[in-house]
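Colleague:
If you want it as structure tokens, here you go:
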């Protein structure tokens, strides 16, 4: 489990131990040891909250760069629909695709229409399957990881349907293979990603062996080049505009807006997602058919590798949906037929990946929980983080697991220091009295 | 006694805001103890239903969790109106929930039956005007 790919890496040379990541991590996956942040890989869900807060840019997303694709004969950029919201309000999606073709990619392919197709497939799945409700959207890789490590009971609630980026990548590849007579391995398909989490969906795609994507470049890396290209672009290249409700997918509620199920909700931000997941585990929310889930509080437009203010970007997405959303980008009947042919289905299962318990043996785990609570009782309970653990409770657990020493708590150390200094002061005082020839008080000697 | 982990929680009646928090906390304890997820799910459902019964009908209660390597026991002792006819209360669909509770999605008459379904042994005693006591046991292996 420890060699599984994680989408972030901490650069120890840049880390100055300022502990912002320690506090920001929603799954307590960061520890600061010897003044440097380290990652507990089995607890990390790749949400990227740490990337956002690090003042030294020491948390490096493990994304791709242009040069990674030099080995391909043909490259296709697949911009996340978030990309359309990063530029001025009058920049049309089709213009952005055209501009991408001028900055080093051989072609650019829209993902929003795949999102619309996937929405239709989800609707079909909702109408025809009897798997446990509520169904949970599996398109945010951090949410899938969260379910794997914290909510293994909910794995069969994740819809087994391929993500829009995979559908688009597969289509783009097939199209170019036919058109240009190329082999699949000669074509590189590159996602322009709003967050590092998408990298785990590429490296370890859920329910299947290989992704159709060959890499992902941060939106923030492509942005400056594209701005320049857009400035030099001709007004229009005659290509039809991107249309359909799939354009709304990167904002909270964008997925459920495409569905017809009566009971459907959208939840964003890990705190609220976990609250909803707890309710499902308690046997509630069975009336709800579909839950759209995002790890980022403002959904994908708020990903840590975007450029634009997420609220501005959200406004632009809404405007695009208003302008181009009413015109369907997909033929519903055709998608239904494809759905019947399992075009969207994923057959494999997603394995649970639970966080290490206090001990693998339950008797020993019970014993350690007693010890942990005893240690916790001696701690100040102010979660200062000076020991390198995010909370006093996680610190106590680290101590019983042997990953930390109790004396690393500055408050415990201060108490020890207080006792030692009190004793020492008494000795010193006694000595000076003796030297002055004063009366000696023997009662404190014990 | 070293093979026993025990912890008590208090639940206040009518406190809908915190309803479910005990169940969530118990879940996280069991996860840390490495209890099998399918067992945790049954405990979660039983605890949640018991907690909701207290919130909806009783004044207050103490919920005690006991974990041994073999079983999980949940005892709920409430101070409240009690149940006059336990046999009736155990029937699916029977409920004394008010209109307001039903509006909030409760009162389907599935609480107690659901607790029994998810436990390996289940005992209930009650005195009218005094309170109700549930003892729920779910075995681990």
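Residue numbers (the working numbering), protein chains in the order written: chain A, 1097 to 1542; chain B, 12 to 152. The beta carbon of each residue, even a glycine, is placed where N, CA and C say it ideally should be. In this text, all values refer to a predicted model and were calculated from it rather than measured experimentally.
1) So which of A:1245, A:1307, A:1386 and A:1442 has the shortest CA-CA distance to residue 1266 of chain A?
2) Which residues of the stretch 36 to 52 of chain B have a Cβ closer than 8 Å to any Cβ of chain A? Give them in chain order.
3) Which of the three DSSP states, helix, strand or coil, is assigned to residue 1350 of chain A?
4) For the candidate residues A:1196, A:1522 and A:1175, whose alpha-carbon lies nearest to that of residue 1328 of chain A?
5) List, in order along the chain, the chain B residues whose C-beta lies closer than 9 Å to that of residue 1454 of chain A?
6) Are there any heavy atoms of the ligand SAH lying less than 6 Å away from the beta-carbon of residue 1496 of chain A, as far as the coordinates show?
7) Is the stretch 1234 to 1241 of chain A touching the stretch 1451 to 1467 of chain A, taking contact as three or more C-beta pairs under 8 Å?
8) Which of helix, strand or coil does DSSP assign to residue 1451 of chain A?
9) May I have the straight-line CA-CA distance separating residue 1471 of chain A from residue 1416 of chain A, to the nearest angstrom?
10) Enumerate, from N- to C-terminal direction, the unbroken alpha helix (DSSP H) stretches of 4 or more residues contained entirely within the stretch 1369 to 1410 of chain A.
11) Helix, strand or coil, according to DSSP, for residue 1225 of chain A in the structure here?
12) Between the C-alpha atoms of residue 1112 of chain A and residue 1491 of chain A, what's the straight-line distance to the nearest angstrom?
13) I'd like the list of long-range same chain contacts for residue 1354 of chain A, defined as Cβ closer than 6 Å, with 5 residues on each side in sequence excluded.
14) Take residue 1264 of chain A as the anchor and find which of A:1440, A:1466, A:1467 and A:1447 has the nearest alpha-carbon.
15) In this structure, how does DSSP classify residue 1473 of chain A when only helix, strand and coil are distinguished?
16) Which same chain residues, not among the five before or five after residue 1103 of chain A, have their C-beta less than 7 Å away from its C-beta?
17) From the DSSP output, in three-state form, read off residue 150 of chain B for me.
18) Which of the three DSSP states, helix, strand or coil, is assigned to residue 121 of chain B?
19) Three or more C-beta pairs closer than 8 Å, one from the stretch 1509 to 1520 of chain A and one from the stretch 51 to 64 of chain B: is that the case here?
20) Using the Cα positions of residue 148 of chain B and residue 78 of chain B, report the straight-line distance between them to the nearest angstrom.
21) Locate the alpha helix (DSSP H) running through residue 136 of chain B, then write down its first and last residues.
22) In terms of alpha-carbon separation, which member of A:1137, A:1130 and A:1178 lies closest to residue 1406 of chain A?
23) Is there a C-beta anywhere in chain A that falls below 7 Å from the one on residue 28 of chain B?
24) Given this structure, state the Cα-to-Cα distance separating residue 1390 of chain A from residue 38 of chain B, to the nearest angstrom.
25) Which word fits residue 1253 of chain A, buried or exposed, when buried means at least 16 other C-beta atoms lie within 10 angstroms of its C-beta?
26) Let me confirm a value: residue 1098 of chain A is counted as buried when at least 16 other C-beta atoms fall within 10 Å, else exposed. Which label applies?
27) Residues in its own chain within less than 6 Å of residue 1213 of chain A by CB, not counting five upstream and five downstream?
28) Measuring CB to CB, does residue 70 of chain B end up less than 7 Å from residue 91 of chain B?
29) Below 7 Å between beta carbons: does that hold for residue 86 of chain B and residue 126 of chain B?
30) Give the DSSP-derived three-state secondary structure of residue 17 of chain B in the structure shown.
31) Could you check where the alpha helix (DSSP H) with residue 115 of chain B kicks off and where it finishes?
32) By the criterion of Cβ-Cβ separation under 7 Å, what are the contact partners of residue 124 of chain B in chain A?
33) Residue 1465 of chain A CB to nearest chain B CB: under 7 Å?
34) Output, in sequence order along the chain, the residues in the stretch 130 to 147 of chain B whose CB is closer than 7 Å to any CB in chain A.
35) Can you give me the C-alpha to C-alpha distance between residue 1542 of chain A and residue 1130 of chain A, rounded to a whole angstrom?
36) For the stretch 1367 to 1383 of chain A, which residues have a beta carbon sitting closer than 8 Å to at least one beta carbon of chain B?
Modeller: Answer, in terms of the structure:
1) What you label residue 1266 of chain A is simply residue 170 of the first chain in a count that begins at 1. Taking only the C-alpha atoms, the option nearest residue 1266 of chain A is A:1307.
2) 38, 40, 42, 43, 44, 45, 46, 48, 49, 51 and 52
3) Looking up residue 1350 of chain A in the first chain gives position 254. Residue state, collapsed to three classes: coil.
4) Taking the first residue of the first chain as position 1, residue 1328 of chain A is located at position 232. Of the listed residues, the one whose Cα sits closest to residue 1328 of chain A is A:1196.
5) Within the first chain, numbered from 1, the residue matching residue 1454 of chain A stands at position 358. By Cβ distance, chain B contributes 43, 44 and 45.
6) Absence of the ligand SAH from the depicted structure is noted, as is the absence of any ligand whatsoever, leaving it without description.
7) no
8) On the first chain, residue 1451 of chain A is found 355 positions in, with the first residue counted as 1. Three-state DSSP puts residue 1451 of chain A in coil, outside helix and strand.
9) In the first chain, the residue the question calls residue 1471 of chain A occupies position 375. In the first chain, the residue the question calls residue 1416 of chain A occupies position 320. C-alpha separation (whole angstroms): 56 Å.
10) Here no run is fully enclosed.
11) On the first chain, position 129 is the one that residue 1225 of chain A refers to. Residue 1225 of chain A: coil per DSSP, three-state reduction.
12) Start at 1 with the first residue of the first chain, and residue 1112 of chain A comes out as number 16. Start at 1 with the first residue of the first chain, and residue 1491 of chain A comes out as number 395. If I take the Cα positions, the gap works out to 21 Å.
13) Along the first chain, one-based indexing puts residue 1354 of chain A at 258. Cβ within range, chain order: 1215 and 1341.
14) Position 168 of the first chain, counting from 1, holds the residue named residue 1264 of chain A. Checked all of A:1440, A:1466, A:1467 and A:1447; the closest Cα to residue 1264 of chain A is A:1440.
15) Taking the first residue of the first chain as position 1, residue 1473 of chain A is located at position 377. Reduced to three states, the DSSP call for residue 1473 of chain A is helix.
16) Translated into positions along the first chain, residue 1103 of chain A becomes position 7. These residues qualify, in order along the chain: 1142, 1157, 1158, 1292, 1293, 1295 and 1296.
17) Locating residue 150 of chain B in the second chain gives position 139, counting from the first residue. When secondary structure is reduced to three states using DSSP, residue 150 of chain B falls in the strand class.
18) For the purposes of this step, residue 121 of chain B is taken as the residue at position 110 of the second chain. Note: residue 121 of chain B maps to coil in three-state DSSP.
19) no
20) Counting from one through the second chain, the residue named residue 148 of chain B turns up at place 137. Counting from one through the second chain, the residue named residue 78 of chain B turns up at place 67. The alpha-carbon atoms of residue 148 of chain B and residue 78 of chain B are separated by roughly 10 Å.
21) Stepping through the second chain from its first residue, residue 136 of chain B is reached at position 125. Counting along the chain, residue 136 of chain B falls outside any alpha helix (DSSP H), though it belongs to the beta strand (DSSP E) covering 132 to 138.
22) Position 310 of the first chain, counted from the first residue, corresponds to residue 1406 of chain A. Among A:1137, A:1130 and A:1178, the Cα nearest to that of residue 1406 of chain A belongs to A:1178.
23) For this step, residue 28 of chain B is matched to residue 17 along the second chain. No, residue 28 of chain B lies away from the interface with chain A (no Cβ there is under 7 Å from its Cβ).
24) The residue given as residue 1390 of chain A occupies position 294 in the first chain. The residue given as residue 38 of chain B occupies position 27 in the second chain. C-alpha separation (whole angstroms): 23 Å.
25) Translated into positions along the first chain, residue 1253 of chain A becomes position 157. When all chains shown are included, residue 1253 of chain A counts as buried.
26) For the purposes of this step, residue 1098 of chain A is taken as the residue at position 2 of the first chain. The pLDDT assigned to residue 1098 of chain A is 46, lower than 50, so where the model puts this residue is not dependable; a value taken from the coordinates is nonetheless given after this. With fewer than 16 other Cβ atoms within 10 Å, it is exposed.
27) Stepping through the first chain from its first residue, residue 1213 of chain A is reached at position 117. Closer than 6 Å at the Cβ level, and outside the excluded window around residue 1213 of chain A, lie 1426 and 1431.
28) Mapped onto the second chain, residue 70 of chain B falls at position 59. Mapped onto the second chain, residue 91 of chain B falls at position 80. Contact flag set, yes.
29) As a working note, residue 86 of chain B is residue 75 in the second chain. As a working note, residue 126 of chain B is residue 115 in the second chain. Against a cut-off of 7 Å, the Cβ pair of residue 126 of chain B and residue 86 of chain B comes out as no contact.
30) As a working note, residue 17 of chain B is residue 6 in the second chain. Correct three-state label for residue 17 of chain B: strand.
31) Numbered from its first residue, the second chain carries residue 115 of chain B at position 104. Element bounds for residue 115 of chain B: n/a, residue is neither H nor E.
32) Counted from its first residue, the second chain places residue 124 of chain B at position 113. None at all; the shortest Cβ gap to chain A is about 12 Å.
33) If you number the first chain from 1, residue 1465 of chain A lands on position 369. Yes, its Cβ sits closer than 7 Å to a Cβ of chain B.
34) none
35) Taking the first chain and counting its residues from 1, the one referred to as residue 1542 of chain A is at position 446. Taking the first chain and counting its residues from 1, the one referred to as residue 1130 of chain A is at position 34. For residue 1542 of chain A, the predicted model reports a pLDDT of 45, less than 50, meaning its position is unreliable; a value from the coordinates is still stated below. Each residue's Cα considered, the two are about 38 Å apart.
36) Correct list: 1374, 1375, 1377, 1378, 1379, 1380 and 1383.
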